[in-house]
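Engineer: Take a look at this one; I'll ask things after.
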Amino acid sequence: MAGSEDEDDYMSMAIAEPTQPLAETSIQRVARKKREAALKAQVKSKAEKAADEVAAREAALATPLLDTSNKGFKMMAKLGFKHGDTLGADKGGRAEPIQVVLKEDRGGIGLDTEKKRKFREQVNHEAKRVKADEVEYRERVRLEREEIKREGQIWNAQRVAEELTSKAKEASGPLLEPKVTMPTPKTAGQPLSSINVLWRGLVRQRLESDGEKRMRHSLKSVRSRLPTYEDPDLDREDLLALGRDEKAGVFEEEVEEEFEGEDPELDDFNALPSEQRLERLVIYLRQEHHYCFWCKYQYSDEEAMGDCPGITEDDHD
Numbered sequence: 001m002a003g004s005e006d007e008d009d010y011m012s013m014a015i016a017e018p019t020q021p022l023a024e025t026s027i028q029r030v031a032r033k034k035r036e037a038a039l040k041a042q043v044k045s046k047a048e049k050a051a052d053e054v055a056a057r058e059a060a061l062a063t064p065l066l067d068t069s070n071k072g073f074k075m076m077a078k079l080g081f082k083h084g085d086t087l088g089a090d091k092g093g094r095a096e097p098i099q100v101v102l103k104e105d106r107g108g109i110g111l112d113t114e115k116k117r118k119f120r121e122q123v124n125h126e127a128k129r130v131k132a133d134e135v136e137y138r139e140r141v142r143l144e145r146e147e148i149k150r151e152g153q154i155w156n157a158q159r160v161a162e163e164l165t166s167k168a169k170e171a172s173g174p175l176l177e178p179k180v181t182m183p184t185p186k187t188a189g190q191p192l193s194s195i196n197v198l199w200r201g202l203v204r205q206r207l208e209s210d211g212e213k214r215m216r217h218s219l220k221s222v223r224s225r226l227p228t229y230e231d232p233d234l235d236r237e238d239l240l241a242l243g244r245d246e247k248a249g250v251f252e253e254e255v256e257e258e259f260e261g262e263d264p265e266l267d268d269f270n271a272l273p274s275e276q277r278l279e280r281l282v283i284y285l286r287q288e289h290h291y292c293f294w295c296k297y298q299y300s301d302e303e304a305m306g307d308c309p310g311i312t313e314d315d316h317d
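Numbering (UniProt numbering), first residue to last: 1 to 317.
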């Protein structure tokens, strides 16, 4: 046991570094001088020279100007300037010299500042334009939706006005003969110019649509039978449905002729803004039929209409 303890532990031995560097041999010295000579003899490229110049300039500019070893600072110190003081009697003056800013282009003095100003103005203008476009788009979409909504309300108001007016005429007029249900418009035989302009466009649109349907039905019927064939069992309603009634044909011709003519009154009404057209319809329903378009209710008389909140949609919210 004693012999093993006296043995040296080479794994944990501390090997001291040499205190003095080894002397350079002659071979190493010759190799070093060759390397230095090769570096000195090497001609630097323009890019390398420019990089060296930039590095030297940056190092010089990074050197503090208010150094005690600086000749300029020594001259200022003789005049009473102390390190950390500001120039002039005002304590808010400049404490550091103006930094040198090198111009590497051929632009005149102040050109870069003008370019920066124009660039900032352009960026601000573009940001405002984008924001204005977003606001304008949202406003345009909102107005389009409101316009579509009002056009639907106008159509409903025209339909109600036509229906109430028709019922009022039927209630006031004498019933001379039994009413025959026929597939003709409720305004058949009545010229469009005599219909109130408030819902004349609705009637005209319906007549045009019905005329096209009857024409298509008539063409289909003609293909399925001989032109000279007359069925004695068909009454006037059947003939009218088949497009073979003489009176119906006269009515269609009259409607077509009236459609071809101009209607300045209807054109002027349709040219009005949707708000005005809807307002005129609402006022007509209230004055003539005591009907509130927003309440969807027909009052008994004008006095009873006092319970209505108002004539606008906002009054009924």
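Even glycine gets a Cβ: it sits at the ideal position worked out from N, Cα and C.
As the structure is a computational prediction, the values presented were derived from the model and not from experiment.
Rounded to whole angstroms, what is the Cα-Cα separation between L272 and D307?
Structural biologist: As a working mapping, residue 272 is identified with position 272 in the sequence shown. As a working mapping, residue 307 is identified with position 307 in the sequence shown. For L272 and D307, the distance between alpha carbons rounds to 30 angstroms.
Engineer: Looking at the secondary structure, which residues open and close the alpha helix (DSSP H) in which G107 lies?
Structural biologist: Here residue 107 refers to the residue found at position 107 when the sequence shown is read from its first residue. Here G107 belongs to no alpha helix (DSSP H), and DSSP marks it neither H nor E.
Engineer: Is the CB-CB distance between E265 and V197 below 8 angstroms?
Structural biologist: Counting from one through the sequence shown, the residue named residue 265 turns up at place 265. Counting from one through the sequence shown, the residue named residue 197 turns up at place 197. A contact, by the Cβ cut-off of 8 angstroms.
Engineer: Can you check whether the CB of I311 is closer than 8 angstroms to the CB of R277?
Structural biologist: Residue mapping note: residue 277 aligns to position 277 of the sequence shown, counting from 1. Residue mapping note: residue 311 aligns to position 311 of the sequence shown, counting from 1. Not a contact, by the Cβ cut-off of 8 angstroms.
Engineer: Classify D315 as buried or exposed, calling it buried when 16 or more other Cβ atoms lie within 10 Å of its own Cβ.
Structural biologist: Position 315 of the sequence shown, counting from 1, holds the residue named residue 315. Answer is exposed; the Cβ neighbour count stays below 16.
Engineer: Kindly indicate the opening and closing residues of the alpha helix (DSSP H) around E24.
Structural biologist: Working through the sequence shown from its first residue, we reach residue 24 at position 24. Where E24 is concerned, there is no enclosing alpha helix (DSSP H), given that its DSSP letter is neither H nor E.
Engineer: According to DSSP, is S193 helix, strand or coil?
Structural biologist: Here the question's residue 193 lines up with position 193 in the sequence shown. Residue state, collapsed to three classes: helix.
Engineer: With the cut-off set at 8 angstroms, would you say L281 and A157 are in Cβ contact?
Structural biologist: If you number the sequence shown from 1, residue 281 lands on position 281. If you number the sequence shown from 1, residue 157 lands on position 157. Their beta carbons are under 8 angstroms apart, which means L281 touches A157 by this criterion.
Engineer: Buried or exposed: R94, going by 16 or more other Cβ atoms within 10 Å of its Cβ?
Structural biologist: Here residue 94 corresponds to residue number 94 of the sequence shown, with the count starting at 1. The residue is exposed, with fewer than 16 neighbouring Cβ atoms inside 10 Å.
Engineer: Quick one, are the C-beta atoms of Y291 and L164 less than 8 angstroms apart?
Structural biologist: In the sequence shown, counting from the first residue as 1, residue 291 sits at position 291. In the sequence shown, counting from the first residue as 1, residue 164 sits at position 164. Yes. Within cutoff.
Engineer: Output the distance between the C-alpha atoms of G108 and E114, rounded to the nearest integer angstrom.
Structural biologist: To locate residue 108, count along the sequence shown from 1; it is residue 108. To locate residue 114, count along the sequence shown from 1; it is residue 114. The straight-line gap from Cα to Cα measures roughly 10 angstroms.
Engineer: Quick check: the Cα distance between G80 and A89, rounded to an integer number of angstroms?
Structural biologist: Counting from 1 along the sequence shown, the entry for residue 80 is found at position 80. Counting from 1 along the sequence shown, the entry for residue 89 is found at position 89. One C-alpha to the other measures close to 13 angstroms.
Engineer: Name the DSSP bridge partner or partners of Q298?
Structural biologist: Counting from one through the sequence shown, the residue named residue 298 turns up at place 298. DSSP output for Q298 lists Y291 as bridge partner(s).
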